[in-house]
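Please read the structure below before turning to the comments.
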Amino acid sequence: MLDIKLIRNDPEAVKAALARRGEPTSSIDEVLELDTRMRAISTERDDIRAEVKQISEQVGALHKDGKADDAAALQTTSRELGDKEKALTEEANELQAAIRSLLLNVSNMPAPEAPDGLTEDDNVELRVEDFDLASYAEHQRVPHWGIGEDLGILDVDRAVRMSGSMFAMYRGAGARLLRALINYGLDRNRDAFEEVRPPTMVKTDTMVGTGHLPKFADDAYHLERDDLWAIPTAEVPLTSMVAGEILDEGDLPLRLMAHTSCYRREAGSAGKDTRGLLRVHEFDKVELYAFCTPDQAQAMHMEILERAENAIRDLGLAHRVLDLACGDISGAGARTYDIEVFAPGVDRWLEVSSVSWCTDFQARRANVRYRPSEGKGTEFVHSLNGSGLAVPRVWAAIVETYRRPDGSICMPEALHPYLGGMTEIPAV
RNA sequence: GGAGACGUGGCCGAGCCAGGUUGAAGGCGCUUCCCUGCUAAGGAAGUAACGUCGUAAGGCGUUCGUGGGUUCAAAUCCCACCGUCUCCGCCA
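In terms of my numbering, the first sequence is residues 315 to 742.
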């Protein structure tokens, strides 16, 4: 959520920033107008409340002195004021609710340094590593779903039978590889990040905190009867971990990581990327997360990016890093770096990590503040998140990249400690 | 799911039954100062967040789980919801 004070003080700057995303700015004007009215009404209401409070004190005193008649007169006045106060309160509440619901649908302002542009074509490629299209041999140019089926490590057909399209099932060595990737993703960040295993079903408020609701309700699974949402990413419960709390500056940065399943309805992408693991409704991911002060944010953004990229690099996968254009940054982010791996079998770059700096946008929604050690009062924290390792697409890239001419797959060395002696998935 | 108890400031904990200078006693913690050679002990003062008005000092308002209601006036009375604990049931 954007700072209402900023909108008041410099609406043009806010609108200019939102325009860089290609987002309509009419709601900012609407917010301004409602806010002006809301404040006028609140002030009036507060004055009446103060008056009622004073009268009530007098009434109490008069009753004590036995002057019931004088008290009765004041009570009548106060009753009238009370009615007025009630009406004003109702109006103020309505305005406040209207402002909030408008603001909840406004995206974060992109950072000034974020590249211009509205689509993914405008993303800036920062670097490409280990990529040479000509270096891939014929045996590597086979899609992972074919390989998976041949080797009995991926069973999409049966997953679809039990859950519908865009679900997958890993089997045998394939399931083991998945488990290795998760442990690999967690262990390499154990030096600085606290491992958390949060709930994967959360309340509506928790989803609002990250910005996934109300705007993106269609993308999330919702359990009607219990009014719970299946998380689309561990970012959701991690953001809520300290919701409503005031942290000490000394505790920042607060680094957290979590492995969870992630659930996405992928509404609007029906028929797109439906094969194999390119896009699935349920997948495993190791998420890296941090709360920090505004001053620490820049360095933390780089740290998470570096950790995510190192995890990919150490697996020996061709990859590139993109600096997302304003229009391609997700709602809560101010600046986002994507990491994509190249999967030779499907001949595509696959997004495997999105490292976002959300400034105080999520902190405002989830009400996470910190107490600066110098000075008084409280400030909103900054929040950052990035996939430490998104399993299915990395799994796919490994299976395709490491396929040998005989159809077997050798395992990246970095995973050997997690595979209990398994160094390859043999051909059948 | 059933029965009972309970939700007060950074923490502990009074106040609620008999509604009225209670933003809330007392304690712990924390900050500053005083005293003592250092420490310990002791003394004094301070110690919430948010909104709004104001250049500021400060004023006003809101917040005792949440939301309603009763009343001139609610931490205190009533209702609903959420949560915690204990017992029972069920269960990996």
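Every residue gets a Cβ at the ideal spot worked out from N, C-alpha and C, and that includes glycine.
All figures in this text were calculated on a predicted structure; none of them were measured in a lab.
Query	Result
Given Arg359, which residues of its chain have a CB within under 7 Å of its CB, disregarding the five upstream and five downstream residues?	Glu399, Leu402, Thr403, Ala406
Can you have a look at Arg621 and say buried or exposed, based on whether 16 or more other CB atoms are within 10 angstroms of its CB?	buried
Could you check the C-alpha separation between Met423 and Ile723 for me, to the nearest Å?	45 Å
Looking only at DSSP bridge pairs, what is Asp652 linked to?	Leu636, Ser668
Tell me whether Asp383 sits in a helix, a strand or coil according to DSSP, three-state version.	helix
Going by the beta-carbon positions, is the gap between Trp709 and Gly488 smaller than 9 Å?	yes
Take Phe694 as the anchor and find which of Arg717, Phe605, Ala613 has the nearest alpha-carbon.	Phe605
Would you give the residue range spanned by the alpha helix (DSSP H) that Gly523 belongs to?	518-524
With burial defined as no fewer than 16 other Cβ atoms inside 10 Å of the residue's Cβ, what is the status of Thr737: buried or exposed?	exposed
What is the DSSP secondary structure of Gly700, reduced to helix, strand or coil?	strand
My guess is that Asp720 and Ala741 are in contact by the Cβ rule of under 8 Å, so how many angstroms apart are they, rounded?	5 Å
What does the alpha-carbon distance come out to for the pair Asp384 and Ile362?	20 Å
Which term fits Pro726, buried or exposed, when burial requires 16 or more other beta carbons within 10 angstroms of its beta carbon?	buried
Going by C-alpha distance, which of Thr574, Thr520, Ile618 is nearest Pro567?	Ile618
Could you tell me which whole beta strand (DSSP E) segments of length 3 or greater appear in the stretch 475-551?	508-510, 542-544
From Leu316, Ala646, Gly564, pick the residue whose C-alpha is nearest to that of Glu688; which is it?	Gly564
Roughly how many angstroms separate the alpha carbons of Pro551 and Asp519, rounded to a whole number?	11 Å
With C-beta atoms as the reference, is Leu416 less than 9 Å away from Arg679?	no
By the DSSP assignment, the beta strand (DSSP E) with Thr574 in it spans what residues?	568-577
Suppose you measure from the CA of Arg502 to the CA of Arg634; what does that come to, to the nearest Å?	21 Å
Which of the three DSSP states, helix, strand or coil, is assigned to Arg335?	coil
Using three-state DSSP, classify Glu452 as helix, strand or coil.	helix
State buried or exposed for Pro658, treating a residue as buried only when at least 16 other CB atoms are found within 10 Å of its CB.	buried
If you measure between the beta carbons of Ile545 and Val510, is that distance less than 9 Å?	no
Look at the alpha carbon of Asn624 and the alpha carbon of Gly525, and state the distance between them as a whole number of angstroms.	28 Å
Flag this pair as touching only if the stretch 635-653 and the stretch 425-436 have three or more C-beta atom pairs under 8 Å; answer yes or no.	yes
Where does Ala406 sit, in a helix, a strand or coil, going by DSSP?	helix
Can we say the stretch 432-439 touches the stretch 640-649, given the rule of at least three CB pairs closer than 8 Å?	yes
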